[in-house]
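Enquirer: Residues 74 to 631, numbered by the numbering used here, are exactly what the sequence shown covers, in order. Glycine included, every Cβ here is placed at the ideal spot set by N, Cα and C. Before I ask anything, here is the structure I am working with.
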Amino acid sequence: MLWKILSSTRDLGRLEEIGKVLLRYGFGSLVQRLGLIKALEKAGKMLKKESLADIAKMSAPERVCRAFEELGPTFVKLGQVLSSRVELLPPEWIQAFEKLQDQVEPLPFEALEETLREELGRAPSEVFSTIDKNPLAAGSIAQVHAATLQDGSEVVLKIRRPGIKKTIEADLRLLRHLAQLTYEEIPELRPFHPKEVLRQFERSLRSELDLGREAENALRIRKGLGGMRGILIPEFHMEWSGPCLNVQERIHGIPGRQVEKAREAGLDLPKMARIGARAVLKMILEIGLFHADPHGGNVFYLQGNRIALIDFGMVGRLSEARRREIVDFLFGLVSSDSPLVAETLVDWADEEAVEPEKLIPDIEGFLDTWKGRPLKDLHFAEMLGDLLQILRDHNLSLPPDLSMFFKVLLTLEGLGRSMNPEFQIIPVARPFLERAMQKRFSPEELKKSTLARGKAALDLLTGLPEDLRSLIKAAKRGRLRLHIQSEDLTRLTRGLSEASNRVTIGIILAAMIVGTSILAAFGQGGIGLSTRFLGFSAFLLSLVFGVWVLFSIHRSRK
74 MLWKILSSTR DLGRLEEIGK VLLRYGFGSL VQRLGLIKAL EKAGKMLKKE SLADIAKMSA
134 PERVCRAFEE LGPTFVKLGQ VLSSRVELLP PEWIQAFEKL QDQVEPLPFE ALEETLREEL
194 GRAPSEVFST IDKNPLAAGS IAQVHAATLQ DGSEVVLKIR RPGIKKTIEA DLRLLRHLAQ
254 LTYEEIPELR PFHPKEVLRQ FERSLRSELD LGREAENALR IRKGLGGMRG ILIPEFHMEW
314 SGPCLNVQER IHGIPGRQVE KAREAGLDLP KMARIGARAV LKMILEIGLF HADPHGGNVF
374 YLQGNRIALI DFGMVGRLSE ARRREIVDFL FGLVSSDSPL VAETLVDWAD EEAVEPEKLI
434 PDIEGFLDTW KGRPLKDLHF AEMLGDLLQI LRDHNLSLPP DLSMFFKVLL TLEGLGRSMN
494 PEFQIIPVAR PFLERAMQKR FSPEELKKST LARGKAALDL LTGLPEDLRS LIKAAKRGRL
554 RLHIQSEDLT RLTRGLSEAS NRVTIGIILA AMIVGTSILA AFGQGGIGLS TRFLGFSAFL
614 LSLVFGVWVL FSIHRSRK
């Protein structure tokens with residue numbers, strides 16, 4: 074039971090708050106199925122559902138988002154991570170989660186000064202000549218202030234909010250328990266992989282909590298782009314950046330959401346859309362580390378038709394092997410190779426129950442729909458939406474890195490179309506795919522691949538005799554064991570055990586009732602008052618015992 078595993082009174086109070094918010098937004102059945110009401114009853118805090126007319130008019134995605142916003146930064150971040158699971162959730166849910174606002178009431182600068190002093194290791198006045206105490210922005214994790222270095226350089230201070238790590242860790246403890254309960258108690262939600270989604274969320278959130286890591290991400294991407302023309306990544310001052318603080322170059326420009334203002338300033342937005350797309354595609358396909366949220370709020374339009382990218386707290390990572398798979402997949406789409414596309418999707422999903430052959434008809438239909446269309450009519454967002462619907466129809470999910478990859482492509486095309494309604498991401502991506510294939514079949518890469526595979530084969534052959542010897546020895550000594558672990562089997566075993574216990578109790582109860590009836594019958598024949606009293610007492614005991622058994626069975630069915 075959840076109330077038994079709560080680690081502190083603070084967790085119990087937070088659980089009460091979560092339960093109240095979920096009930097208020099119409100998710101009473103979910104609260105009941107997760108056992109939250111029982112947990113709160115144990116704490117002496119019975120919840121009452123509120124019925125509000127305006128909430129009743131909201132859609133389910135809107136109600137969830139409102140609840141997340143009310144529950145605070147951890148849940149807002151969870152919604153933002155869920156918005157990247159485009160293969161799991163329908164479009165209306167993705168769109169709702171994308172609208173979650175990571176904005177809070179700003180803290181007075183005095184509340185941040187101790188953190189700033191500790192991270193700098195000296196008085197802030199020794200590093201900065203001025204600090205604007207009015208924040209440029211206030212997020213759930215950090216607050217941003219403008220400042221000037223002693224040499225006159227304009228910078229931005231990103232300072233972590235005091236106590237936020239402790240708050241988030243407490244929420245993560247509860248979310249881990251809730252994810253496990255969701256998996257066990259609500260089978261229809263298992264295809265959404267609640268435990269895997271939470272693991273992805275924990276990794277992402279802990280990465281964002283470390284502001285020094287954001288500086289490292291930006292530095293690596295800046296180096297990987299190699300001074301790419303038209304793109305500006307702010308410079309970070311690593312000597313003053315740490316877990317609770319980073320100091321970065323201040324960017325002056327037109328915010329990315331103010332497209333009309335940029336157009337009025339005479340900027341060539343179609344050209345800038347291509348520049349931005351090339352930069353992000355280079356991060357994805359060549360660097361392997363990419364900005365995971367390239368929306369208008371993280372972009373500035375600069376004079377000279379340049380684009381600046383900011384906020385590298387949330388990034389995606391792709392291994393070299395994964396980048397090769399992505400290139401193969403995209404070439405499968407371009408060449409209408411439906412078996413290759415289906416096999417790649419099943420490999421990515423890692424679902425043994427689904428064979429590639431089952432996907433091929435749907436993939437062929439998808440390719441036939443888009444094949445032969447003029448380039449101007451190829452809307453990548455619509456194509457990807459159709460493809461993701463096929464995944465949802467077959468209950469297939471993608472690993473987090475690929476989910477983020479697809480989400481970034483959708484966001485990137487949306488940003489490009491806001492700058493140029495005729496923007497197409499496919500023509501921008503084509504040169505990257507061609508370069509990747511040319512590199513793969515270059516003499517140098519072929520040599521490298523051959524050596525790597527040869528070494529792997531040699532290692533396998535070298536270790537094979539010893540592995541076989543160990544296996545045979547274990548078999549001879551009777552120590553060879555096959556270990557199978559299944560959560561479903563464990564639950565089945567537990568259920569059978571409970572059922573057998575109830576049958577045993579039922580048999581004992583029936584025997585007691587029959588026995589007391591016999592005693593009562595003998596008592597009627599004049600055997601004595603004590604015998605009749607014993608029979609009547611045993612009958613009452615059997616009746617109470619039977620009511621208890623029926624009540625326990627009724628409770629277990631809820």
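Use the C-beta contact count for Asn207: other C-beta atoms within 10 angstroms, 16 or more gives buried, fewer gives exposed.
Expert: Here residue 207 refers to the residue found at position 134 of the sequence shown. It is exposed - the Cβ of Asn207 has fewer than 16 other Cβ atoms within 10 Å.
Enquirer: Would you kindly work out how many angstroms separate the C-alpha atoms of Gly326 and Leu96, rounded to a whole number?
Expert: Locating residue 326 in the sequence shown gives position 253, where the first residue counts as 1. Locating residue 96 in the sequence shown gives position 23, where the first residue counts as 1. Their Cα atoms are separated by approximately 44 angstroms.
Enquirer: Determine which residues share a DSSP beta bridge with Thr203 and list them.
Expert: For the purposes of this step, residue 203 is taken as the residue at position 130 of the sequence shown. Answer is Thr221.
Enquirer: Exposed or buried, which one is Phe309 when buried takes at least 16 other CB atoms within 10 Å?
Expert: Counting from 1 along the sequence shown, the entry for residue 309 is found at position 236. Classification of Phe309: buried, given that the 10 Å Cβ count is 16 or more.
Enquirer: Name the DSSP bridge partner or partners of Gly315?
Expert: Taking the sequence shown and counting its residues from 1, the one referred to as residue 315 is at position 242. DSSP, once it has assigned bridges, lists Leu318 as partnering Gly315.
Enquirer: Considering just the uninterrupted stretch of the beta strand (DSSP E) at Arg246, what are its terminal residues?
Expert: Locating residue 246 in the sequence shown gives position 173, counting from the first residue. Counting along the chain, Arg246 falls outside any beta strand (DSSP E), though it belongs to the alpha helix (DSSP H) covering 237-258.
Enquirer: Please state whether DSSP places Gln216 in a helix, a strand or coil.
Expert: If you number the sequence shown from 1, residue 216 lands on position 143. Strand, per DSSP.
Enquirer: Entirely within the segment 317-348 and at least 3 residues each: give me those beta strand (DSSP E) ranges in chain order.
Expert: DSSP runs (the beta strand (DSSP E)) wholly in the segment 317-348: 318-322.
Enquirer: Using the rule of at least 16 other Cβ atoms within 10 Å of the residue's Cβ for burial, across every protein chain shown, is Leu79 buried or exposed?
Expert: For the purposes of this step, residue 79 is taken as residue 6 along the sequence shown, with counting starting at 1. With a pLDDT of only 48 at Leu79, under the threshold of 50, the placement of this residue in the model should not be trusted; the figure read from the coordinates follows. It counts as buried.
Enquirer: Taking 8 angstroms as the cut-off, does the segment 224-241 touch the segment 181-196 (at least 3 CB pairs, one atom from each stretch)?
Expert: Touching, per the Cβ criterion.
Enquirer: Contact defined as beta carbons within less than 8 angstroms: I believe Ile294 pairs with Ile360. What is the distance between those atoms, to the nearest angstrom?
Expert: Translated into the one-based positions of the sequence shown, residue 294 becomes position 221. Translated into the one-based positions of the sequence shown, residue 360 becomes position 287. 6 angstroms between Cβ atoms; contact.
Enquirer: What residue range does the alpha helix (DSSP H) around Val177 cover?
Expert: For the purposes of this step, residue 177 is identified with residue 104 of the sequence shown, where counting begins at 1. No alpha helix (DSSP H) holds Val177; DSSP gives it neither H nor E.
Enquirer: Do Gly145 and Phe170 have their C-beta atoms closer together than 7 angstroms?
Expert: Translated into positions along the sequence shown, residue 145 becomes position 72. Translated into positions along the sequence shown, residue 170 becomes position 97. No; because the gap between Cβ atoms is not below 7 angstroms, this pair is not in contact.
Enquirer: Taking 7 angstroms as the limit between beta carbons, can you name the residues of its chain near Leu193, skipping five residues before and five after?
Expert: As a working note, residue 193 is residue 120 in the sequence shown. The answer, listed in chain order, is Val200, Trp313.
Enquirer: By Cβ distance below 7 angstroms, which residues in the same chain neighbour Lys344 in space, the five residues on each side in sequence not counted?
Expert: If you number the sequence shown from 1, residue 344 lands on position 271. So the qualifying residues of the chain are Asn378.
Enquirer: Smallest Cα separation from Leu107: which of Tyr98, Gly92, Lys549?
Expert: Here residue 107 is taken as the residue at index 34 of the sequence shown, counted from 1. Closest option to Leu107, Cα to Cα, is Gly92.
Enquirer: Tell me whether Ser102 is buried or exposed, calling it buried when 16 or more other Cβ atoms sit within 10 Å of its Cβ.
Expert: Locating residue 102 in the sequence shown gives position 29, counting from the first residue. Exposed.
Enquirer: Are Asp474 and Leu544 closer than 7 angstroms when you measure CB to CB?
Expert: Taking the sequence shown and counting its residues from 1, the one referred to as residue 474 is at position 401. Taking the sequence shown and counting its residues from 1, the one referred to as residue 544 is at position 471. No, the pair does not count as a contact, with Cβ atoms beyond the cut-off.
Enquirer: Beta carbon of Phe479, beta carbon of Val159: below 7 angstroms?
Expert: What you label residue 479 is simply residue 406 of the sequence shown in a count that begins at 1. What you label residue 159 is simply residue 86 of the sequence shown in a count that begins at 1. A contact, by the Cβ cut-off of 7 angstroms.
Enquirer: Would you mind sorting Glu416 into buried or exposed? The rule is 16 or more other CB atoms within 10 Å of its CB.
Expert: Your numbering for residue 416 matches position 343 in the sequence shown. So Glu416 ends up on the buried side.
Enquirer: What's the call for Glu90, buried or exposed, on a 16-neighbour Cβ count within 10 Å?
Expert: Residue 90 sits at position 17 when you count from the first residue of the sequence shown. So Glu90 counts as exposed.
Enquirer: Does DSSP put Leu382 in a helix, a strand or coil?
Expert: Taking the sequence shown and counting its residues from 1, the one referred to as residue 382 is at position 309. Residue state, collapsed to three classes: strand.
Enquirer: Quick one: Cα of Ala252 to Cα of Arg263, how far?
Expert: Within the sequence shown, numbered from 1, the residue matching residue 252 stands at position 179. Within the sequence shown, numbered from 1, the residue matching residue 263 stands at position 190. Near 10 angstroms, if we compare the C-alpha coordinates of Arg263 and Ala252.
Enquirer: Please confirm whether Val228 and Leu222 have their CB atoms less than 7 angstroms apart.
Expert: The sequence position of residue 228 within the sequence shown is 155, counting from 1. The sequence position of residue 222 within the sequence shown is 149, counting from 1. Against a cut-off of 7 angstroms, the Cβ pair of Leu222 and Val228 comes out as a contact.
Enquirer: To the nearest angstrom, report how far apart Asn468 and Ser280 are at their CA atoms.
Expert: Numbered from its first residue, the sequence shown carries residue 468 at position 395. Numbered from its first residue, the sequence shown carries residue 280 at position 207. The straight-line gap from Cα to Cα measures roughly 29 angstroms.
Enquirer: Mark Lys231 as exposed unless 16 or more other C-beta atoms lie within 10 angstroms of its C-beta, in which case mark it buried.
Expert: As a working note, residue 231 is residue 158 in the sequence shown. Buried, because 16 or more other Cβ atoms sit within 10 Å of the Cβ of Lys231.
Enquirer: From the DSSP output, read off the bridge partner residues of Ala211.
Expert: Within the sequence shown, numbered from 1, the residue matching residue 211 stands at position 138. DSSP, once it has assigned bridges, lists Gln216 as partnering Ala211.
Enquirer: Contact between the segment 484-502 and the segment 353-371: three or more CB pairs below 8 angstroms?
Expert: As far as the Cβ criterion goes, the segment 484-502 touches the segment 353-371, which means the pair count is three or higher.
Enquirer: In terms of alpha-carbon separation, which member of Glu275, Pro163, Gly445 lies closest to Leu406?
Expert: In the sequence shown, the residue the question calls residue 406 occupies position 333. Closest by alpha carbon: Gly445.
Enquirer: By Cβ distance, which residues of its chain are closer than 8 angstroms to Met356, with the 5 residues on each side in sequence left out?
Expert: For this step, residue 356 is matched to residue 283 along the sequence shown. Ile294, Gly297, Leu298, Leu362, Phe363, His364, listed in sequence order.
Enquirer: Could you give the DSSP three-state label for Gly306: helix, strand or coil?
Expert: By one-based count along the sequence shown, residue 306 stands at place 233. A small correction: the amino acid at residue 306 is Ile; Gly does not occupy that position in the sequence shown. Three-state result, Ile306: coil.
Enquirer: Under three-state DSSP, which class holds Lys118?
Expert: Counting from one through the sequence shown, the residue named residue 118 turns up at place 45. Low confidence applies here, because Lys118 scores a pLDDT of 47, under 50, leaving its location unreliable; read the following figure in that light. Coil, per DSSP.
Enquirer: Between the beta-carbon of Phe453 and the beta-carbon of Ile383, is there less than 7 angstroms?
Expert: On the sequence shown, residue 453 is found 380 positions in, with the first residue counted as 1. On the sequence shown, residue 383 is found 310 positions in, with the first residue counted as 1. In this structure, Ile383 does not lie closer than 7 angstroms to Phe453 by Cβ.
Enquirer: Please give the ranges of any beta strand (DSSP E) in the segment 428-478, keeping only runs that are unbroken, at least 3 residues long and fully inside the region.
Expert: As far as the segment 428-478 is concerned, it has no whole beta strand (DSSP E) run of at least 3 residues.
Enquirer: If you draw a straight line from the alpha carbon of Glu275 to that of Arg249, how long is it in whole angstroms?
Expert: Taking the first residue of the sequence shown as position 1, residue 275 is located at position 202. Taking the first residue of the sequence shown as position 1, residue 249 is located at position 176. Distance between the alpha carbons of Glu275 and Arg249 is about 10 angstroms.
Enquirer: In this structure, does DSSP put Lys512 in helix, strand or coil?
Expert: Within the sequence shown, numbered from 1, the residue matching residue 512 stands at position 439. Three-state DSSP puts Lys512 in a helix.
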